[in-house]
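S.K.:
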Amino acid sequence: MDREVNPPVLAVDIRKQHRGQTSFVLDVSLEVSLGITILFGPSGAGKSTLLDCIAGLVRPDAGKISIGKSVLFDSTMHFDVPPQKRRIAYVFQSLALFPHLTVEKNIEYGLRDIPEEDRRACVSEILGDFRIEKLKNQKPAQISGGERQRAALARSLVTAPRVLLLDEPLTGLDAELKAAIVEDLRAWNAAKRIPILYVTHSRDEVDALGERVIAVDNGRIVGHGAPMDVLDAPRRKRLAQAAGFENLLSAVVLGLREADGVMRVRLGDSRCEIEVPLAHASPGDRGQIAIRAGDILLASERPRGLSARNILEGRIASLEQRGGMCVARVDCGVTFVAHVTPGAVRELELAPEKQVWLVLKTHSCHLVD
Amino acid sequence: MSSLALSFELAGCVAAILLAIGTPVAYWLAYSNWRGKFLLESIVALPLVLPPTVLGFYALLAMGPRGPLGRLWMALFGHGLAFTFSGLVIASVVYSFPFAVQPLIASFEAVDRKLLDASAVLGAGKWRTFRRIILPLSLPGVVTALVLSFAHTLGEFGVVLMVGGNLAGVTRTVSIDIYDRVQSIEYRAANHLALLLLGISFAVLCLVYAVNRCVWAPAWARWTVK
Numbered sequence: 000m001d002r003e004v005n006p007p008v009l010a011v012d013i014r015k016q017h018r019g020q021t022s023f024v025l026d027v028s029l030e031v032s033l034g035i036t037i038l039f040g041p042s043g044a045g046k047s048t049l050l051d052c053i054a055g056l057v058r059p060d061a062g063k064i065s066i067g068k069s070v071l072f073d074s075t076m077h078f079d080v081p082p083q084k085r086r087i088a089y090v091f092q093s094l095a096l097f098p099h100l101t102v103e104k105n106i107e108y109g110l111r112d113i114p115e116e117d118r119r120a121c122v123s124e125i126l127g128d129f130r131i132e133k134l135k136n137q138k139p140a141q142i143s144g145g146e147r148q149r150a151a152l153a154r155s156l157v158t159a160p161r162v163l164l165l166d167e168p169l170t171g172l173d174a175e176l177k178a179a180i181v182e183d184l185r186a187w188n189a190a191k192r193i194p195i196l197y198v199t200h201s202r203d204e205v206d207a208l209g210e211r212v213i214a215v216d217n218g219r220i221v222g223h224g225a226p227m228d229v230l231d232a233p234r235r236k237r238l239a240q241a242a243g244f245e246n247l248l249s250a251v252v253l254g255l256r257e258a259d260g261v262m263r264v265r266l267g268d269s270r271c272e273i274e275v276p277l278a279h280a281s282p283g284d285r286g287q288i289a290i291r292a293g294d295i296l297l298a299s300e301r302p303r304g305l306s307a308r309n310i311l312e313g314r315i316a317s318l319e320q321r322g323g324m325c326v327a328r329v330d331c332g333v334t335f336v337a338h339v340t341p342g343a344v345r346e347l348e349l350a351p352e353k354q355v356w357l358v359l360k361t362h363s364c365h366l367v368d
Numbered sequence: 000m001s002s003l004a005l006s007f008e009l010a011g012c013v014a015a016i017l018l019a020i021g022t023p024v025a026y027w028l029a030y031s032n033w034r035g036k037f038l039l040e041s042i043v044a045l046p047l048v049l050p051p052t053v054l055g056f057y058a059l060l061a062m063g064p065r066g067p068l069g070r071l072w073m074a075l076f077g078h079g080l081a082f083t084f085s086g087l088v089i090a091s092v093v094y095s096f097p098f099a100v101q102p103l104i105a106s107f108e109a110v111d112r113k114l115l116d117a118s119a120v121l122g123a124g125k126w127r128t129f130r131r132i133i134l135p136l137s138l139p140g141v142v143t144a145l146v147l148s149f150a151h152t153l154g155e156f157g158v159v160l161m162v163g164g165n166l167a168g169v170t171r172t173v174s175i176d177i178y179d180r181v182q183s184i185e186y187r188a189a190n191h192l193a194l195l196l197l198g199i200s201f202a203v204l205c206l207v208y209a210v211n212r213c214v215w216a217p218a219w220a221r222w223t224v225k
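Chain order of the listed sequences is Z and D. Throughout the first sequence, residue numbering follows numbering that gives the first Met the number 0, covering 0 to 368 in sequence. Throughout the second sequence, residue numbering follows numbering that gives the first Met the number 0, covering 0 to 225 in sequence.
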């Protein structure tokens with residue numbers, strides 16, 4: 000394998016206004032180094048447009064795109080490499096497998112200027128890597144969703160791309176299948192080491208894959224860094240919703256306790272008061288508190304001897320089974336959404352109207368602008 | 000040559016030529032972003048609304064000894080175009096143009112754009128994308144275009160009468176023949192031909208609708224899986 004002195008980093012600095020739409024402007028500047036970088040943000044944030052620009056399917060209004068020293072687009076030089084010459088692999092959300100070709104022919108599609116024998120070897124290797132040999136003579140319509148996802152990944156990766164773009168490629172798969180495919184992708188990434196830009200708004204995929212996260216909202220980059228730093232302290236409401244904060248409650252700051260690094264807030268119009276991490280705020284300020292449903296504990300008796308500072312009394316308003324977990328709505332004056340396992344529902348004999356206590360760690364509560 | 004055989008020859012030539020000319024035109028109309036596209040679209044659709052006699056009249060003028068097409072033909076081949084089989088083919092190509100182009104446009108437009116994007120990022124240029132993706136996925140449209148232009152040419156009357164006249168074995172197509180027989184009160188012979196044309200037209204339309212209903216789709220899938 001030939002190694003360059005400077006690893007080929009994908010550098011993007013572009014502006015793109017949607018045709019006939021003045022309100023939305025994509026204006027981003029980012030660098031994607033080797034390994035997986037997650038592009039995270041709510042739908043409509045401009046993630047797909049950004050990928051389309053990098054792949055050459057959409058032409059930016061201005062700016063520059065390059066991989067290492069090779070320039071792909073430069074508006075000042077009127078330079079624009081067409082998509083078929085960029086050697087960038089792109090897995091679409093819809094996968095876009097060719098319906099009239101078999102899995103094998105789909106994978107072969109991007110391999111043309113190499114001898115027949117090498118091509119066969121490449122195809123059978125990637126079929127093995129993604130564990131889809133058995134399906135090679137099937138058409139896309141004849142295989143399952145997870146298998147289609149693997150076939151689409153294999154088709155893109157077999158071309159030995161310089162950069163890989165993935166637009167929510169695992170949407171709609173169950174967690175187990177997702178984990179298996181993520182594992183294949185990680186193995187491939189470890190072996191090949193190219194810049195990978197992975198679009199998702201699923202928090203699970205961020206945790207499973209992310210080395211770095213770039214958060215995008217409304218056409219702009221609003222944060223980048225390690226997943227924990229970017230996503231666990233959301234300063235933007237839309238981002239918080241996208242990141243899976245099921246609870247977004249309006250709040251009024253009551254008082255600061257700077258020595259303890261906390262402040263008290265009152266939720267909504269209720270008498271509910273909780274302690275949240277200290278932020279730049281003063282008494283009387285209004286904001287939103289974001290809490291993930293998975294971060295809320297439920298107890299059937301008033302808990303004692305806990306380090307958690309926030310214990311709220313309430314009644315279960317509704318209980319709903321969703322996939323492998325239960326979604327409980329608990330009325331404490333304001334309504335909280337909490338996730339509990341079916342086992343916990345049985346053990347605690349949870350049912351609508353039952354009195355429960357919610358336990359919130361201070362640092363699970365985030366103040367959002 | 001019988002008038003029926005002549006009609007078939009004419010329709011076959013016209014359908015083949017229209018597929019060759021109509022495909023690039025349809026491709027351009029389906030994928031171009033040019034703002035003046037509607038102009039070409041209108042021109043292509045014109046034969047749908049014009050009376051065949053109007054079209055035939057101008058075709059005749061163009062092909063006549065003093066018309067531009069006629070003079071060009073004379074210079075190239077040493078004989079005129081009007082009242083010849085070649086002249087008939089040219090006029091019929093113009094007349095049946097929309098019947099070939101419209102189904103092609105519709106089927107090209109129906110191909111998912113994401114597939115074209117996928118083909119491009121996999122390194123395929125426009126021609127390869129057309130050959131490997133658009134064309135195979137537009138096959139029902141191609142069959143429809145072929146069959147419709149064939150059938151439409153088979154049944155045309157006004158243009159043939161204007162441009163071709165009525166020369167047995169050269170330009171006397173089946174529809175002209177039927178008209179002739181009726182004029183000379185040979186109803187039995189006219190009925191035979193008319194019935195034949197009716198049967199053929201019905202069969203052809205059955206074929207088009209069957210293809211578009213994807214009656215063939217499963218069979219096609221079986222043929223192409225090796």
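Ideal Cβ placement from N, Cα and C applies to all residues, glycine included.
Taking a Cβ distance cut-off of 9 Å, strictly less, list which residues of the stretch 106-136 of chain Z are near chain D, in chain order.
M.R.: Taking 9 Å as the Cβ-Cβ cut-off against chain D, the residues of the stretch 106-136 of chain Z that qualify are TYR108, GLY109, LEU110, ARG111, ASP112, ASN136.
S.K.: From the beta carbon of Z/PHE17, is the nearest beta carbon of chain D less than 7 Å away?
M.R.: Inspection of the sequence shows that residue 17 of chain Z is occupied by His rather than by Phe. False, the Cβ-Cβ gap to chain D never drops below 7 Å.
S.K.: How should D/GLN182 be labelled, buried or exposed, when 16 other C-beta atoms within 10 angstroms of its C-beta is the threshold for buried?
M.R.: That one is exposed.
S.K.: Taking only three categories from DSSP, how would you classify Z/TYR108?
M.R.: Coil.
S.K.: Suppose the cutoff is 7 Å on Cβ atoms and the five residues either side in sequence are ignored; what does the same chain contact list for D/TRP222 look like?
M.R.: Since pLDDT at D/TRP222 reaches only 48, below the 50 mark, its modelled position is unreliable, and no value is offered.
S.K.: When we look at the beta-carbon of D/LYS36 and count the other beta-carbons within 10 Å, is it buried (16 or more) or exposed?
M.R.: Exposed: under 16 other Cβ atoms inside 10 Å.
S.K.: Give the single residue among Z/SER249, Z/ARG192, Z/ALA307 whose Cα lies nearest to the Cα of Z/GLY283.
M.R.: Taking only the C-alpha atoms, the option nearest Z/GLY283 is Z/SER249.
S.K.: How about D/LEU145: is its C-beta nearer than 7 Å to some C-beta of chain Z?
M.R.: Not one chain Z Cβ lies under 7 Å of D/LEU145.
S.K.: Alpha carbon to alpha carbon, what distance is there between Z/ILE35 and Z/ALA214?
M.R.: Those two C-alpha atoms are separated by around 14 Å.
S.K.: In terms of residues, what are the limits of the beta strand (DSSP E) holding D/GLY55?
M.R.: It is not in any beta strand (DSSP E) - D/GLY55 instead sits in the alpha helix (DSSP H) that spans 51-62.
S.K.: Counting beta carbon pairs with one atom in the stretch 333-341 of chain Z and one in the stretch 7-27 of chain D, are three or more of them shorter than 8 Å?
M.R.: Result no; under three Cβ-Cβ pairs closer than 8 Å.
S.K.: Excluding five sequence neighbours on each side, which residues of the same chain lie with their C-beta closer than 6 Å to the C-beta of D/TRP72?
M.R.: Excluding residues within five positions, the ones whose Cβ falls inside 6 Å are LEU80.
S.K.: Under 7 Å between beta-carbons, which chain D residues line up against Z/PRO59? List them in chain order, please.
M.R.: Simply none; closest approach about 16 Å.
S.K.: Fully enclosed by the stretch 134-182 of chain D, which alpha helix (DSSP H) runs are 4 residues long or longer?
M.R.: List check, alpha helix (DSSP H) in window: 138-153, 157-163, 173-182.
S.K.: Could you run through the stretch 104-124 of chain D and flag, in chain order, every residue whose CB is less than 8 Å away from some CB of chain Z?
M.R.: Within the stretch 104-124 of chain D, the residues whose Cβ lies closer than 8 Å to some Cβ of chain Z are ASP111, LYS113, LEU114, ASP116, ALA117, SER118, ALA119, VAL120, LEU121, GLY122, ALA123, GLY124, listed in chain order.
S.K.: Ends of the alpha helix (DSSP H) at D/VAL120?
M.R.: D/VAL120 -> alpha helix (DSSP H) spans 112-120.
S.K.: Please tell me whether Z/ALA337 and Z/ALA350 are closer than 7 Å, where the distance is taken between their beta carbons.
M.R.: Result no, Cβ atoms of Z/ALA337 and Z/ALA350 do not sit closer than 7 Å.
S.K.: Can you list the residues of chain Z that D/ILE132 reaches, using a CB-CB cut of under 7 Å?
M.R.: In chain order: PHE97.
S.K.: By Cβ distance, which residues of its chain are closer than 6 Å to Z/GLY222, with the 5 residues on each side in sequence left out?
M.R.: Taken in chain order, the residues that qualify are ALA214, VAL229.
S.K.: Using a Cβ-Cβ cut-off of less than 7 Å, list which residues of the stretch 36-66 of chain Z approach chain D; keep chain order.
M.R.: Those would be ALA54, LEU56, in chain order.
S.K.: Is it true that the CB of Z/ARG265 sits closer than 7 Å to the CB of Z/GLY254?
M.R.: Cβ distance not < 7 Å, so Z/GLY254 and Z/ARG265 don't count as in contact.
S.K.: Opposite Z/ARG345 in the DSSP bridges: which residues?
M.R.: Looking at the DSSP assignment, Z/ARG345 forms no beta bridge with any residue, so it has no partner.
S.K.: According to DSSP, is D/ILE199 helix, strand or coil?
M.R.: D/ILE199: helix per DSSP, three-state reduction.
S.K.: Short of 8 Å in beta carbon distance, which residues of its chain neighbour Z/GLU352, apart from the five on each side in sequence? Order them along the chain.
M.R.: Here the set comprises ARG314, ILE315.
S.K.: Classify Z/ALA280 as helix, strand or coil using the three-state DSSP reduction.
M.R.: Reduced to three states, the DSSP call for Z/ALA280 is coil.
S.K.: Counting only Cβ-Cβ distances shorter than 8 Å, please list the residues of the stretch 156-180 of chain Z near chain D, keeping chain order.
M.R.: So the list reads THR158, given in the order they occur along the chain.
S.K.: For a contact meaning CB atoms closer than 8 Å, what does Z/PRO82 contact in chain D?
M.R.: Within 8 Å Cβ-Cβ: ASP116, ALA119, VAL120.
S.K.: Does any C-beta atom of chain Z lie closer than 7 Å to the C-beta of D/LEU18?
M.R.: It does not: the Cβ of D/LEU18 has no partner Cβ on chain Z nearer than 7 Å.
S.K.: Taking only the alpha-carbon atoms, compute the straight-line gap between D/SER137 and Z/ARG285 and give it to the nearest angstrom.
M.R.: Going from the Cα of D/SER137 to the Cα of Z/ARG285 covers about 59 Å.
S.K.: How far does the alpha helix (DSSP H) with D/CYS12 in it reach, from first residue to last?
M.R.: D/CYS12 -> alpha helix (DSSP H) spans 2-30.
S.K.: Would you check if the stretch 131-142 of chain Z and the stretch 101-111 of chain Z touch, i.e. whether three or more CB-CB distances between them fall below 8 Å?
M.R.: The stretch 101-111 of chain Z, when compared against the stretch 131-142 of chain Z, does touch it at the 8 Å Cβ threshold.
S.K.: For Z/SER93, go through chain D and note every residue whose CB falls closer than 7 Å to its CB, in chain order.
M.R.: Result: LYS113.
S.K.: Let me know if Z/LYS68 comes out buried or exposed under the rule of 16 or more other beta-carbons within 10 Å of its beta-carbon.
M.R.: Z/LYS68 is exposed by the Cβ-count criterion.
S.K.: Helix, strand or coil for Z/LEU164 per DSSP?
M.R.: Z/LEU164: strand per DSSP, three-state reduction.
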